[in-house]
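The structure appears right after this line, and notes come after that.
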Amino acid sequence: MDIDELKLRYLAGERDFHEVNLSGANLHKAYLAEANFSRANLHNANLSEANLTGANFYKANLTKADLHKTILNEAILNGANLHRANLHRANLIKADLYEANLKGAILKHTFLNGANLRRTKLDRAHLSWANLRKADLNLAHIRGSDLNGAKFCDTIMPDGSIRNEDC
483 MDIDELKLRY LAGERDFHEV NLSGANLHKA YLAEANFSRA NLHNANLSEA
533 NLTGANFYKA NLTKADLHKT ILNEAILNGA NLHRANLHRA NLIKADLYEA
583 NLKGAILKHT FLNGANLRRT KLDRAHLSWA NLRKADLNLA HIRGSDLNGA
633 KFCDTIMPDG SIRNEDC
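Residue numbers for the sequence shown follow my numbering, beginning at 483 and rising by one.
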């Protein structure tokens with residue numbers, strides 16, 4: 483499936499694009515809210531500034547994808563591979579990232595308020611100035627991550643403790 487076909491099918495009301503191969507696709511500023519991209523291949527895709535509110539990326543491959551300034555509020559990203567993805571200034575409010583791979587991902591100035599980050603792999607991720615208010619990082623792997631300036635309020639940390647310094 484190419485990008486034009488995807489957009490036409492979406493405009494016609496179709497939302498199920500599971501297992502689609504859009505590796506390297508340019509979907510800059512696309513509106514694809516509530517779409518199902520479970521197990522899709524979006525490796526190296528440009529989804530910057532797209533609106534993907536409530537979209538399903540269960541076990542999708544988003545390795546090295548460009549998601550800066552993308553709206554992913556309430557999106558499902560369980561088990562998704564976002565290794566080295568660019569999520570700079572993205573909105574992931576109340577997103578479900580359970581067991582996602584975000585190793586080496588750029589999450590600077592990202593809104594992760596209320597996000598489920600349980601068991602997420604965030605090793606060497608760049609989370610400086612990220613908003614982690616009410617986020618759940620229980621059992622997440624954060625070794626080598628940059629948390630400089632990150633905001634914590636009712637944030638559940640990997641060890642189960644709660645950080646509140648920014649309430």
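For each residue, glycine too, the CB sits at the ideal point set by N, CA and C.
Give me the Cα-Cα distance between SER610 and ASN563, rounded to the nearest whole angstrom.
21 Å
Could you check whether GLY642 and ASN620 sit closer than 8 Å to each other, using their CB atoms as the reference points?
yes
Candidates ALA572, LEU574, ARG601, ILE575, of which the one nearest GLU583 by Cα:
Per the sequence shown, residue 583 should be read as Asn rather than Glu. The option with the nearest alpha carbon to ASN583 is ARG601.
Just to confirm, is the Cβ distance from ARG615 to THR637 under 8 Å?
yes
Between which two residues does the alpha helix (DSSP H) holding ASP486 run?
485-493
Check whether PHE519 and HIS550 have beta carbons under 8 Å apart:
no
Considering only residues of the same chain and omitting the five flanking positions on each side of TYR540, which have a CB-CB separation below 8 Å?
SER520, ARG521, ILE558, LEU559, ASN560, GLY561, ALA562
Using C-beta distances below 6 Å, list every residue in its chain close to THR545, excluding the 5 sequence neighbours before and after it, in chain order.
HIS525, ASN563, HIS565
Nearest residue (CA-CA) to SER505, options SER530, ALA547, GLU516
ALA547
In the DSSP output, what is TYR513 paired with across the bridge?
ASN533
Beta-carbon gap between ARG491 and GLU516 smaller than 8 Å
no
Return the chain-ordered list of same chain residues with a C-beta closer than 7 Å to the C-beta of ASP578, the five sequence neighbours on each side being excluded.
ILE558, LEU559, ASN560, ASN598
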